[in-house]
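Report on one structure; see the data block that follows.
Numbering (UniProt numbering), first residue to last: 1 to 505.
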């Protein structure tokens with residue numbers, strides 16, 4: 001619910017701070033006092049109207065349904081206006097779009113000519129929720145239908161793709177075979193590329209090693225002379241013999257490197273592996289691609305068989321879906337009779353013509369076989385007046401609010417009782433009193449009947465071109481309602497009428 005509004009420098013208001021109660025909150029006052037300024041300022045905080053205030057704040061104690069905003073116990077929607085209008089939630093800058101997403105289905109503004117509440121699939125979803133609350137089997141079947149319909153979509157998309165591929169199957173098959181053969185022919189081994197690079201690096205030094213080795217060969221020619229010298233000097237030559245033995249081994253191994261490796265093979269192999277790595281990112285990935293392409297090829301090789309299998313699966317799942325959808329349709333039809341009666345009972349109280357809710361069968365779709373239509377005795381929604389449309393919306397809201405505990409939020413009504421008779425205004429007041437159990441309702445009114453049912457009455461005044469507003473109760477409420485009835489003159493009859501009106505609350 002909305003707990004508080006604060007703004008400053010907004011038209012005739014220097015500043016305003018109001019705290020709100022839950023339930024029905026009514027704004028009254030003489031024309032031009034500033035009721036609409038307050039009303040639209042609240043909407044402006046939710047990016048649903050424009051604000052002229054330099055600063056506007058609205059505090060809401062509902063949890064925000066968004067991962068993009070840190071939700072607090074009390075969330076503050078703020079609008080700042082200087083050169084441009086900027087929106088904030090809990091000091092975090094946000095876009096209008098994000099605000100609308102966060103508050104989706106939470107705020108309804110009944111002054112706008114909006115038909116969303118009568119959209120067939122929206123009503124069908126509410127109908128299903130109403131049934132599911134008291135019928136667990138219906139809920140189970142509904143979920144089963146949704147899961148199976150999702151599978152049907154997958155199968156039909158796959159069939160469509162295969163059917164399209166069938167026309168170009170030969171080209172695809174040849175291309176896949178070429179790709180598979182290319183990878184299989186190269187047959188890359190794990191770590192092979194790195195190992196061959198190491199060998200190539202080693203071989204690249206071999207020419208230099210060979211040149212130096214040739215120059216070192218001379219040391220071997222002096223081995224006998226060194227032994228003869230050591231003998232003449234009476235020095236044990238064992239250390240020299242060991243050194244020469246090791247040196248001979250090193251020279252021999254150095255000479256064998258070129259014979260051990262086929263440099264041409266290594267270079268060719270590196271070129272092949274480099275092609276694989278460039279095309280598939282890595283040898284490991286190339287092996288995964290090979291396995292996937294082999295699976296794809298197998299599908300193409302068996303495409304006719306796969307198409308026939310898919311068609312068979314689609315036929316079976318459609319038969320199952322039709323059975324489930326017929327069950328849902330029957331349940332919906334029975335429940336809709338009850339809902340239609342409840343709506344028409346309220347419409348009767350609102351002095352409106354009854355309507356007919358028709359549930360006809362249609363082509364199988366994501367909601368089943370049911371198409372819900374509202375018959376306003378031959379009239380279309382665009383032919384209904386704004387006042388009648390909003391009273392119709394109130395009837396639907398009231399019925400589903402009674403059925404669904406989750407059906408709640410904030411409701412804005414801008415002079416919904418305008419141009420109505422006293423009995424019509426009184427009937428709206430009774431409906432709003434019921435709705436106030438589920439919604440926090442903000443209503444501007446010039447008639448006493450809605451104010452008499454209010455949980456909070458806010459009087460808006462204007463003195464010397466400066467507006468103000470305050471929450472009133474007791475005698476102040478009686479005087480304001482009497483003023484509304486008698487056009488400003490607080491006569492005894494008006495006060496007596498107001499007293500009786502308030503006693504009926």
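C-beta: ideal position from N, C-alpha, C; glycine also.
Nothing here was measured: the structure is a model prediction, and the numbers come from that model.
- Task: Within its chain, find whatever has a CB closer than 8 angstroms to the CB of residue 92; leave out the 5 residues flanking it on each side and keep chain order.
- Result: Translated into positions along the chain shown, residue 92 becomes position 92. Same-chain partners within the cutoff: 69, 70.
- Item | DSSP three-state assignment for residue 329, whether helix, strand or coil | In the chain shown, residue 329 corresponds to position 329, counting from 1. Three-state DSSP puts residue 329 in a helix.
- Message: Please tell me whether, using a cut-off of 7 angstroms, the distance from the CB of residue 447 to the nearest non-hydrogen atom of the ligand ZN is below it.
- Response: The model on display carries no ligand, and the ligand ZN is accordingly not part of it.
- Applying the criterion that 16 or more other CB atoms from any shown protein chain within 10 Å of the CB defines a buried residue, is residue 457 buried or exposed? Mapped onto the chain shown, residue 457 falls at position 457. Counting Cβ neighbours within 10 Å, residue 457 comes out buried, since at least 16 surround it.
- Message: Considering just the uninterrupted stretch of the beta strand (DSSP E) at residue 440, what are its terminal residues?
- Response: As a first step, residue 440 must be located in the chain shown, where it is residue number 440. Run containing residue 440: 439-444, per the beta strand (DSSP E) assignment.
- Query: How is residue 46 classed by DSSP in three states: helix, strand or coil?
  - Reply: Working through the chain shown from its first residue, we reach residue 46 at position 46. Here residue 46 sits in coil by DSSP.
- If we ignore side chains and look at the alpha-carbon of each, how far apart do residue 29 and residue 494 end up? Numbered from 1 along the chain shown, position 29 holds the residue referred to as residue 29. Numbered from 1 along the chain shown, position 494 holds the residue referred to as residue 494. Cα to Cα, the separation comes out at about 17 angstroms.
- Message: Taking a contact to mean a Cβ-Cβ separation below 8 angstroms, would you say residue 452 touches residue 481 in this structure?
- Response: Taking the first residue of the chain shown as 1, we reach residue 452 at position 452. Taking the first residue of the chain shown as 1, we reach residue 481 at position 481. Against a cut-off of 8 angstroms, the Cβ pair of residue 481 and residue 452 comes out as a contact.
- Which residues in the same chain have their Cβ closer than 6 angstroms to the Cβ of residue 527, if we skip the five residues on either side of it in sequence? The question about residue 527 has no answer, for the chain in this structure spans 1 to 505.
- Message: Would the region 2-13 count as touching the region 51-61 if we require 3 or more Cβ pairs under 8 angstroms?
- Response: yes
- Message: I'd like the ranges of any beta strand (DSSP E) spanning at least 3 consecutive residues and lying wholly in the region 44-82.
- Response: 55-60, 75-81
- Item | alpha helix (DSSP H) segments (min. 4 residues) lying fully within the region 368-409 | 386-403
- Message: Using C-beta distances below 8 angstroms, list every residue in its chain close to residue 485, excluding the 5 sequence neighbours before and after it, in chain order.
- Response: Taking the first residue of the chain shown as position 1, residue 485 is located at position 485. Closer than 8 angstroms at Cβ, skipping near neighbours: 448, 494, 497, 498.
- Whole runs of the alpha helix (DSSP H) within the region 20-46, excluding any shorter than 4 residues: 35-45
- Message: Under 8 angstroms, with one C-beta from each stretch per pair, do the region 136-147 and the region 341-352 reach the 3-pair mark?
- Response: no
- Message: According to DSSP, is residue 241 part of a helix, a strand, or is it coil?
- Response: On the chain shown, position 241 is the one that residue 241 refers to. Residue 241 falls in the helix class under three-state DSSP.
- Message: Give me, in chain order, the residues of the same chain whose beta-carbon lies closer than 8 angstroms to that of residue 353; leave out the 5 immediate sequence neighbours on both sides.
- Response: Here residue 353 refers to the residue found at position 353 of the chain shown. Counting only Cβ-Cβ distances below 8 angstroms, and skipping sequence neighbours, we find 347, 376, 377.
- Item | Contacting residues, own chain, Cβ-Cβ under 6 angstroms from residue 230 (five flanking each side not counted) | Counting from one through the chain shown, the residue named residue 230 turns up at place 230. So the list reads 237, once near-sequence residues are dropped.
- residue 393 classed as buried or exposed, judged by whether at least 16 other C-beta atoms fall within 10 angstroms: As a first step, residue 393 must be located in the chain shown, where it is residue number 393. Per the 10 Å Cβ criterion, buried.
- What does residue 469 pair with, by DSSP beta-bridge criteria? Residue numbering aside, residue 469 sits at position 469 when the chain shown is read from its first letter. Paired residues: 460.
- Touch check for the region 356-372 and the region 416-425: three-plus C-beta pairs under 8 angstroms? no
- Message: By the three-class DSSP mapping on this structure, what secondary structure does residue 10 have?
- Response: Taking the first residue of the chain shown as 1, we reach residue 10 at position 10. Strand at residue 10.
- Task: Sort out for me which residues DSSP pairs residue 92 with in a bridge.
- Result: As a working mapping, residue 92 is identified with position 92 in the chain shown. Beta-bridge pairing links residue 92 to 89.
- Task: Return the Cβ separation of residue 24 and residue 443 in integer angstroms, given the expectation that the two are a contact with Cβ distance under 8 angstroms.
- Result: To locate residue 24, count along the chain shown from 1; it is residue 24. To locate residue 443, count along the chain shown from 1; it is residue 443. With a Cβ gap of about 7 angstroms, residue 24 and residue 443 count as contacting.
- Message: Quick check on residue 267: buried or exposed, where buried means 16 or more other Cβ atoms within 10 Å of its Cβ?
- Response: Here residue 267 is taken as the residue at index 267 of the chain shown, counted from 1. Exposed, because fewer than 16 other Cβ atoms sit within 10 Å of the Cβ of residue 267.
- Message: Quick test of the definition: if touching needs 3 or more C-beta pairs under 8 angstroms, does the region 80-90 touch the region 29-41?
- Response: no
- Anticipated Cβ contact below 8 angstroms, residue 117 with residue 439, distance rounded: Locating residue 117 in the chain shown gives position 117, counting from the first residue. Locating residue 439 in the chain shown gives position 439, counting from the first residue. 13 angstroms between Cβ atoms; not a contact.
- From 399, 73, 450, pick the residue whose C-alpha is nearest to that of residue 429; which is it? Residue mapping note: residue 429 aligns to position 429 of the chain shown, counting from 1. Of the listed residues, the one whose Cα sits closest to residue 429 is 450.
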